[in-house]
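These notes are about the structure you will find just below.
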Amino acid sequence: MVRYNILRSAVCHWASKCKGIHLMKREIDYILRTTIENCFERNLLSRTDLPGYVIEVPGNPDHGHFATNLPLTLASAQKLPPRKIALIIADNLKDESNLLEKIEIAGPGFLNFRIRLGKWYSVLSDIITSGKDYGRNKIGENEKVVVEFISANPTGPLHLGHGRGAALGDTLCRILSFCGYDVVREFYINDAGQQIRLLGESIFSRLMQMKNPEYPFPESGYHGEYIRDLAEEIAGQINPDLMPKEEAIEMCSQKGKEIMLEDIKHDLSVFRVSFDVWYSESDLYDSSKLDNDLETMKGNGHLYEEDGALWIRTSDYGDDKDRVIKKKDGQFTYFASDISYHLDKHKRGFSKAINIWGADHHGYVPRIKAALMTHSVPENWLSVMLIQLVKLWKSGQEIKMSKRAGNFVTLQELVDEVGVDAVRFVFLTKNHDSTLDFDIDMVKKQDSENPVYYVQYAHARICSIFRKAEEEGITLPDNLEGILELLVLEEEVTLLRKMAEFPSLLEEISNTLEPHRLTYYLTELASSFHRYFNLGTKIAENRIISQHKDLTRARLALAGAVRIVISNGLELLGISAPERM
RNA sequence: GGGCGAUUAGCUCAGUGGAUAGAGCGCUGGUCUCCGGAACCAGAGGUCGCGCGUUCAAAUCGCGCAUCGCCCGCCA
């Protein structure tokens with residue numbers, strides 16, 4: 068949906084840059100505004116400002132290709148009933164480029180438009196010539212954005228929750244890049260502090276237990292089985308009998324964290340997720356960036372000491388209260404390094420930063436924004452997307468997980484069981500802000516209950532049709548002009564309309580940060596195609612490959628375009644588009 | 001107690017100002033001498049948690065209430 072402002076130039080000079088649905092909306096808007104202006108001049112309507120109206124693609128096919136609520140929004144200023152205004156507009160419509168086939172007044176005063184079929188055929192040509200680039204656009208041009216996601220501690224394997232963040236972040240990055248943004252994908256490694264120490268202690272204990280099963284295990288240590296695996300792997304490199312305990316624990320920390328990080332990288336590459344930057348927290352300390360930032364903050368008067376600790380005055384910028392960044396015992400809090408990390412992002416020249424965090428960190432958002440504002444970073448520079456919990460179901464039972472206790476399902480286990488495509492798809496079917504139930508049994512089924520197959524099947528089916536066409540020696544001409552007019556079925560126009568929405572959908576996803584809309588879109592497109600295909604099972608003339616040569620070519624072109632859009636969409640989701648299933 | 005989020009069909013969820021509120025699964029009944037049935041069609045199923053307000057128009061915006069989840073540390 069696009070809102071228009073009458074104060075903008077009435078000339079559609081940017082129309083040449085837009086395509087598909089956008090272009091048509093602009094053209095309709097131009098017609099509407101020209102018409103209204105004409106009505107003003109002839110005193111058919113009294114001259115008033117135009118309110119915010121909408122030109123949208125209606126869900127109901129009876130409502131035409133496009134609809135506007137302009138007459139409804141004009142009603143109060145004109146002091147006329149909406150249907151009366153609609154009638155005036157319809158009667159005086161200035162459609163100089165002959166875009167419209169039909170216009171109707173409907174409901175309380177909507178105007179429904181039907182576009183001439185010829186307009187839709189240009190969409191088809193556009194898809195075929197653009198191919199892999201269909202949907203690509205430039206709305207992000209000159210924008211450099213950093214997307215930080217997952218950022219798991221290297222103290223254990225990635226689990227389900229990380230998987231959701233991984234699928235979301237990766238797909239968002241793919242879409243943003245496709246929309247022209249300069250995207251940097253970043254993983255912040257919490258490789259300093261207490262939890263790494265705890266990892267070392269846990270490994271060390273398991274190491275000692277190899278000889279002495281009675282050796283105590285740290286109360287708050289990591290109980291997962293993987294710690295024993297780490298201990299075994301490290302056992303060949305460390306002999307705890309030959310070095311002081313402290314040194315051994317330190318080595319366990321270092322080795323353990325390195326191995327875990329490699330595991331994480333491996334799991335992510337299997338999950339088709341890549342990063343440009345692995346940003347190490349400990350570098351912030353080693354490079355003295357943190358110290359420098361503290362000096363700056365002190366100079367700006369945002370820090371103060373109280374009760375032996377160092378505080379930052381975040382409450383000046385909307386946080387509930389001030390926060391400690393250096394504890395009484397001289398240790399920095401995590402918040403300190405997080406501030407420094409985000410300042411560093413800002414210094415690196417990103418016009419926008421996006422973080423994907425678990426929803427349990429939501430209370431953290433105001434404080435990091437406040438800290439940034441003490442450095443004059445605007446509040447909306449950082450967008451934080453919060454992802455809710457994933458609940459895992461198996462055999463009708465919820466599987467409860469706890470990292471500390473060590474019973475959790477890892478991302479790798481899940482991927483091994485149901486496959487990357489299905490896991491990614493399911494993670495992207497829900498808004499990130501609502502909890503997600505992942506039913507393993509359903510996703511494992513290789514049948515229609517599995518949502519990802521539905522879309523992939525449409526792709527494989529089209530490939531199959533092309534194989535068949537090839538067998539019969541049917542080829543597509545370079546120039547489709549003259550034959551596309553044969554596409555007159557309502558189902559064919561529906562497909563064209565749906566595909567025309569693809570570029571603007573991607574723009575909207577970039578603006579709203581809602582990648583899950585792409586899975587819905589692809590499901591709808593696949594559905595429209597399956598329905599179209601099934602027309603041919605009843606009536607032979609409706610088959611894509613028929614006796615009518617030119618009609619067959621036109622329909623193959625249409626099916627080929629659907630294949631392109633599905634393939635491009637799946638690529639953005641990081642999901643394969645199989646030719647056979 | 002305060003904050004954030006949620007509440008839509010039997011279940012899991014889409015839908016942020018418009019027309020008869022949608023999808024998948026489940027349920028009932030249909031479509032195969034087939035270009036792939038991993039598909040399609042039809043049907044049943046809803047006081048959009050409750051109330052008040054704003055608006056020509058509210059699932060959608062505001063206020064209040066209820067229920068659920070999460071957060072509220074000089075932990076990470």
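Residue numbers (this note's numbering): 68 to 648. Using N, Cα and C, we set each Cβ at its ideal position, and we do this for glycine too. Model, not experiment: these values are computed from the prediction.
Top-ranked residue by Cα proximity to residue i, from the options
i: Ile98; options: Pro128, Asn110, Thr135, His409; result: Thr135
i: Lys436; options: Phe402, Asn105, Lys461; result: Phe402
i: Asn367; options: Ser355, Glu373, Thr381; result: Thr381
i: Tyr524; options: Cys246, Ser643, Ala426, Gln398; result: Ser643
i: Leu274; options: Ala144, Lys186, Met364, Ala298; result: Ala298
i: Leu410; options: Ala426, Met440, Gly385; result: Met440
i: Met327; options: Gly430, Ile270, Gly303; result: Ile270
i: Leu456; options: Ser501, Phe492, Ser418; result: Ser501
i: Ser177; options: Trp448, Ile152, Leu191, Asn159; result: Inspection of the sequence shows that residue 177 is occupied by Phe rather than by Ser. Here the closest residue by C-alpha is Ile152.
i: Phe600; options: Glu575, Gly627, Tyr587; result: Gly627
i: Arg622; options: Leu160, Glu317, Ile195, Gly126; result: Ile195
i: Leu481; options: Lys161, Ile606, Asp334; result: Asp334
i: Asp617; options: Arg598, Phe596, Glu362, Leu553; result: Leu553
i: Gln464; options: Ile507, His442, Ile423; result: Ile507
i: Ile423; options: Gly228, Ile122, Tyr282, Ser594; result: Gly228
i: Lys324; options: Tyr384, Ile305, Ile256, Arg390; result: Ile256
i: Trp187; options: Thr619, Leu556, Leu573; result: Leu556
i: Lys332; options: Thr619, Val451, Gly230; result: Gly230
i: Thr363; options: Val432, Ala438, His429; result: Ala438
i: Gly119; options: Val213, Arg534, Ser347, Ser143; result: Ser143
Residue environment, residue i, which counts as buried when at least 16 other CB atoms sit within 10 Å
i: Met310; result: exposed
i: Met648; result: exposed
i: Val519; result: buried
i: Val487; result: buried
i: Gly365; result: As written in the sequence, residue 365 is Lys, which differs from the Gly given in the question. Under this definition Lys365 is an exposed residue.
i: His615; result: exposed
i: Val490; result: buried
i: Met566; result: buried
i: Lys412; result: buried
i: Gly641; result: buried
i: Ser58; result: Any property of residue 58 remains undetermined from this structure, which presents the chain solely from 68 to 648.
i: Val485; result: buried
i: His597; result: exposed
i: Arg434; result: buried
i: Val337; result: exposed
i: Arg100; result: buried
i: Ser83; result: For Ser83, the predicted model reports a pLDDT of 40, less than 50, meaning its position is unreliable and no value from the coordinates is stated.
i: Met452; result: buried
Sequence-distant residues of its chain with Cβ nearer than 8 Å to residue i (five each side left out)
i: His226; result: Met468, Lys470, Phe475, Val476, Thr477, Leu478
i: Leu493; result: Contrary to the premise, residue 493 reads as Val rather than Leu in this sequence. Counting only Cβ-Cβ distances below 8 Å, and skipping sequence neighbours, we find Leu503, Phe505, Val510, Pro518, Val519.
i: Ser577; result: Ile206, Gly207, Ile242, Leu243, Cys246, Tyr248
i: Pro175; result: Leu139, Pro149, Arg150
Whole-angstrom C-beta distance between residue j and residue i, which should lie under 8 Å
i: Ile217; j: Ala233; result: 5 Å
i: Cys246; j: Ile206; result: 5 Å
i: Tyr293; j: Pro224; result: 6 Å
i: Leu592; j: Ile633; result: 6 Å
i: Gly202; j: Phe569; result: 5 Å
Proximal residues to residue i (C-beta, below 7 Å), its chain only, five neighbours per side dropped
i: Lys199; result: Asn635
i: Glu646; result: Ala527, Cys530
i: Thr496; result: Pro518, His583, Thr586
i: Leu625; result: Leu191, Leu554, Glu559, Leu562
i: Val69; result: Only weak support is given to the placement of Val69: the predicted model assigns it a pLDDT of 35, under 50, and the question is left unresolved by the model.
i: Leu639; result: Thr238, Arg241, Ile242, Phe245, Leu585
i: Asp389; result: Trp378, Ile379, Arg380, Thr381, Ser382
Sequence-distant residues of the same chain with beta carbon closer than 6 Å to residue i, five excluded per side
i: Ser349; result: Asp258, Ala259
i: Ile466; result: Leu459
i: Asp343; result: Val251, Arg252
- Task: Examine the Cβ distances between the region 579–595 and the region 539–550 and report whether three or more of them are shorter than 8 Å.
- Result: no
- Message: Within 8 Å, do at least three Cβ pairs link the region 188–208 to the region 139–157?
- Response: Because the criterion of three Cβ pairs below 8 Å is not met, the region 139–157 and the region 188–208 do not touch.
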